[in-house]
Amino acid sequence: ALPGHLLRALLPLLTIFHLERAEDAARRAGLSTQPIWRKLWDDVMKTRPPNSESITCWRKKFLETFFSNVLHGVLDVSSDWRLHDRHFSPLLHSSPHVSQLTLCNMLQGAVELTAQHNHEVLENLAASLRVLKFQHLLFCDQSISRSLVLLLHRLIHHGSVSQVSMCSWPVPDTVLLVLILTMSTGFWRSGNALACHGSPCGLCREEDKAQSQQSAQEGAERGCDAEQEGSGAENQKRSPEEADACMTSVLSGPRSPPLRNPACEETSSEVPCGHTNIQGGSSPCSSSQQLSCHPVPRKTRRWQKPAAGRKRRCLRRSRGHYADPEDLYDFVFTVAREDNSGLLDKTRTTEGENTENWTSSSPGSPCTGHVGCKKRGGPAATLSLKAAHRFRSVSTLELFSIPLTGETCRTLSNLLSCWVSLENLVLSYNGLNANISCILSGLRALSRHPECRFRVLRVSDMFSHMPCVELVRCALSALPQLRTLSVSFDLKNQLEATTPEASPSCSEAEIPESCLEVLEIRFPREPLHAALLLPVLKASKFLQQLSLDSATLPCPQELGLLLEVLKECTPNLKKLSFHDVNLAEHQKEVLLLLQDPGLQEITFSFCRLFESSTAEFLSEIINTVKRNSSLKSLKLPGNRLGNHRLVALADIFSEDSSSSLCQLDVSSNCIKPDGLLEFTKKLEGHIQQRGGHLPFAQLRLFQNWLDQDAETAQEALRRLRALCSVVNDAWDSSQAFADYISVM
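Here the sequence shown stands for residues -22 to -1, 1 to 722, where the numbers follow mature numbering (1 follows the signal peptide of the UniProt record, and there is no 0).
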C-alpha cells in the first residue's frame, strides 16, 4: 500500500517477477506499467516488433516473446538484472501469458515442455494457448515424436488450442505431417494409449474411471430390469418401497455422465465416418446423400454437443496399454497405406431395422481419386478410423509453403470430410494443381454434415490449375455455406486453356444461392470477364466485400459491364477493392464508383489512376467525394499522387463538403515533406472554417519520401497528429530506389 508517487518511482527498479506482482497495486493507484514493459522490450529484445502500432498490451507481448526465446535457448536470463531473480522461473511464470507458440526445427521445444520438471508449465499452456505453429520442421526420431504426441494430446485434445499452423516445410516428413493433421482433427487410436511420465494421461485415466462407473451403473440397470421381468408376479406382491429398492441402489450416487464427442468411426475404406460415440450414442443423421451417419442401438440417448471451442474429456481408453515406440507411427501408416476397394456396399442396421447401402460414388463421400486426383484409389485415398477415438479438435488449419502430394491430399480430404469443428482452412503455396478438386471433395462431404461450421476458405498458389473464376464457381457449388472465399494465384499454368469452355466441369453447373459475404480473387494476369462473374455474383446476394487483384481488362467496356452486374446483383456490397488493375483509361467508371451511395470503402491500389489524366479528372474526383456522405474510407496507395495532388485532396474537407470520409490512405505516392506540410496547413484552414469539427480520423502515409527532409517532415507530422491519427513508417526511400534499380 505505497503512495502513488513512491510506487511510480519504484516500478522501473523492479525485476519482472516483482513487476508482475505489482500489477494490481499499480492499477489501483491509477498507474500504467505499459511504458516499463515497452522499455523492457527495447532493452532485452532489441528489435522492433511487427505491427507495433497495433500492440495494446506490452506486458503480454513481452512475456509471450520472452517465453518463446527462453524455450528455444536464444535468450540468456542472466544477460539483464531485471530477468534474474531467485524466485523467478522463466517458463513457469511467463506461460500463463502465452496465447501463441511456435515450435521449430527438431521440435526441441516439444521435448522440453513435456519433461517432468515442466509439468506445471504444460498445464498453464493448456489453459492459455490458442495458436500452435510449426515452422521449418526437420526430421525427428521416435522419441521426439512421442513428446510431440503428448504435447498435442494435452494442448489440443485436453487444452484450448483452436488453431494449428504449419509453414516453410519444403520437404515434409509425410508421417509427421499426417500425425499433426490427424491429432488436430481430434483422432487418435485407442491402442496408442499416451504415456505421461511413465503412466497413462491423467485426464484420460479420470475419464476411464468415470465411464467405468457409468457402464457398471447401466449394466446394473439392465440386470435389475431382467430380474424384474423374470419375477413380475413376485414384484407385484411387494410394497411400493420394496419394488423401488433395486432401482434406488443402482441410481444412488452421481448420475451426470462425462461429456463425449461424436466419434468419427469408419468401418469400411470408402465411408469416412459414422459419427457414433464409443458407447453407441449417435449424433443427428443426414440423408442418404450426406455423410454416412448411422445411429447404434442404445437405451439412453443424449444430445451431442460440438467439439470445438470447449474442453473435452477424452473417450474411454484401453486400460493397461502404454505407448510402445512402434505404436506412435502405426496409426499414421494406417492412414497413409489403407487400401481403397472401389465400389463398396455398406450395410448397418439401426434401431428401426432400416438398411442403407453406400457406395464410393455417392454425393458427399470423400475423395476417392475420381476428380482432380492424379491417381485413382491409391494408398492414401481413404483414411481408416476403425480404431480411432474422437477428441476435441481445432477450428482453424493453416498450411503455408508445404508441398502436398496426391497421397497427402487424399488423406487430408478424408480428414476434412468429418472435421465438423473446422471453421477456417488456409492452403498457401502447397503445389496443389489438380489436387484442389480432391480437397474440395472432402469439404463437400463436410458441408453436408448437420453440425458443419466451415465458413472460411483461402487458397493461394504459384500456378493456377484452372481459371480463377471457375475455381470460385467450383468452391461455391461445393460449399454454399461459405462466408469468406479467397482465391489467389501468381502465374497462369501454361497448360491451362484460356477459354471458359475448356473446363466445363464447373462452368456448366448451376451455383446454388450462397451465404458468401467476402470474395477475394487475385488473377494471374488473366482477363476479367464480367459474364463469367455474373453467375457467382447472382448467387451471392449477401456479398459485402469484393476484392479484384491483378486482373486485365480485355476491352474498355468490360469494367462498365462489371459495375452494372455489381449494381444489379449485390445490393449489400459495402467494400470494393481493385489492386494492380490498370484503370488509367477508365475515368468514367472510377467516378461512377465514387458516386455509389451503397459503398462505404473503396480502394484503388496501384491502379495508375493519374497516369494519363488531366487536372479536371482530379477535380471531379474531389467534388464527387465531397458530395458522397456514405463513403467512409478512400484508399489510393501507389497512384503517383505527388505533392500537388495531395494538397488538392485537402479540399475534400472544405466548408461546403458533406463528406463523411474518416480514413484516407495515400501510401506509396511519392509525397515529400514540403508537400505534406502544405497539405497539413490547408487542412488546418478547412477545420478552422468548419468550427473545429472534422470527421477525418486517420491518414496513412506508408512508404513516402519523408526522409528527404527530416525537420520539415517532423513538423508536418506533429501538426497532423493534432488533427487526426497518422500511421507511417521509417522508410528509407534511397535504399528502396536502389533496390528497384538493381532488379530492373
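For every residue, glycine included, the Cβ atom is placed at its ideal position computed from N, Cα and C.
From a predicted model like this one, the values you see are computed outputs, not experimental measurements.
With a cutoff of 8 Å on beta-carbon distance, residue 558 and residue 527 are scored as near each other.
Bridge partners of residue 505 according to DSSP: 530. In the DSSP assignment, residue 83 is bridged to 115. Shown here, residue 702 sits in coil according to DSSP, grouped into three states, outside any helix or strand. In the pairwise beta carbon analysis, the segment 676 to 684 is classified as touching the segment 702 to 712: at least three pairs are separated by under 8 Å. The C-beta of residue 149 has fewer than 16 other C-beta atoms within 10 Å across all chains shown, which makes the residue exposed.
Judged by their CB atoms, residue 122 and residue 61 are not nearer to each other than the 8 Å cut-off. Remark: fewer than three beta-carbon pairs, one from each stretch, lie closer than 8 Å, so the segment 8 to 15 and the segment 77 to 92 are not flagged as touching. Remark: C-beta atoms of residue 460 and residue 433 approach each other more closely than 8 Å. Remark: C-beta atoms of residue 372 and residue 153 do not approach each other more closely than 8 Å. For the beta strand (DSSP E) assignment, the uninterrupted runs of no fewer than 3 residues enclosed by the segment 53 to 99 are, from N- to C-terminal side, 78 to 83.
Boundaries of the beta strand (DSSP E) harbouring residue 557: 553 to 557, taken from the DSSP string. In this structure, the beta-carbon distance from residue 649 to residue 614 does not fall below 8 Å.
The shortest CA-to-CA distance from residue 661 to any of 524, 621 and 627 is the one to 627. For residue 435, there is no enclosing alpha helix (DSSP H); the enclosing beta strand (DSSP E) has its first and last residue at 434 to 442. Burial state of residue 466 is buried, judged by a 10 Å Cβ sphere holding 16 or more other Cβ atoms.
By the 16-neighbour rule on beta-carbons within 10 angstroms, residue 610 is buried. Its chain contains 440, 441 and 502 as the residues whose beta carbon lies nearer than 7 Å to that of residue 469, once the 5 sequence neighbours on both sides are disregarded; these appear in chain order. If you check the CB distance, residue 22 and residue 54 do not come in under 8 Å.
Pairing residue 159 with residue 393 gives a Cβ-Cβ distance under 8 Å. Out of 43, 570, 535 and 560, the CA that lies nearest to the CA of residue 68 is found in 43. The C-alpha of residue 142 is placed about 44 Å away from the C-alpha of residue 654.
In the displayed model, residue 498 falls within a strand according to three-state DSSP. In the displayed model, residue 158 falls within a helix according to three-state DSSP. Distance from residue 107 to residue 84 at the Cβ level is roughly 21 Å; contact not present, criterion being Cβ atoms closer than 8 Å. By the Cβ test, the segment 503 to 514 is in contact with the segment 533 to 542, since at least three Cβ pairs between them sit closer than 8 Å. Cβ-Cβ distances below 6 Å link residue 458 to 490 and 492 in the same chain, with the five nearest sequence neighbours on each side left out; the list follows chain order.
A Cβ-Cβ distance of about 5 Å is found for the pair residue 164 and residue 368, placing them in contact under the 8 Å criterion. Judged by DSSP in its simplified three-state form, residue 145 adopts strand.
In the structure shown, the three-state DSSP call for residue 608 is coil.
Between the alpha carbons of residue 385 and residue 89 lies a distance of about 29 Å. Bridge partners of residue -6 according to DSSP: none are assigned. Bounds of any alpha helix (DSSP H) do not take in residue 402; it lies within the beta strand (DSSP E) bounded by 402 to 406. Of 640, 399, 513 and 406, the smallest CA-CA separation from residue 455 is found for 513. Measuring C-alpha to C-alpha distances from residue 20 to each of 6, 39 and 4 identifies 39 as the nearest. A residue is called buried when at least 16 other Cβ atoms come within 10 angstroms of its Cβ; residue 119 does not meet this threshold and is exposed.
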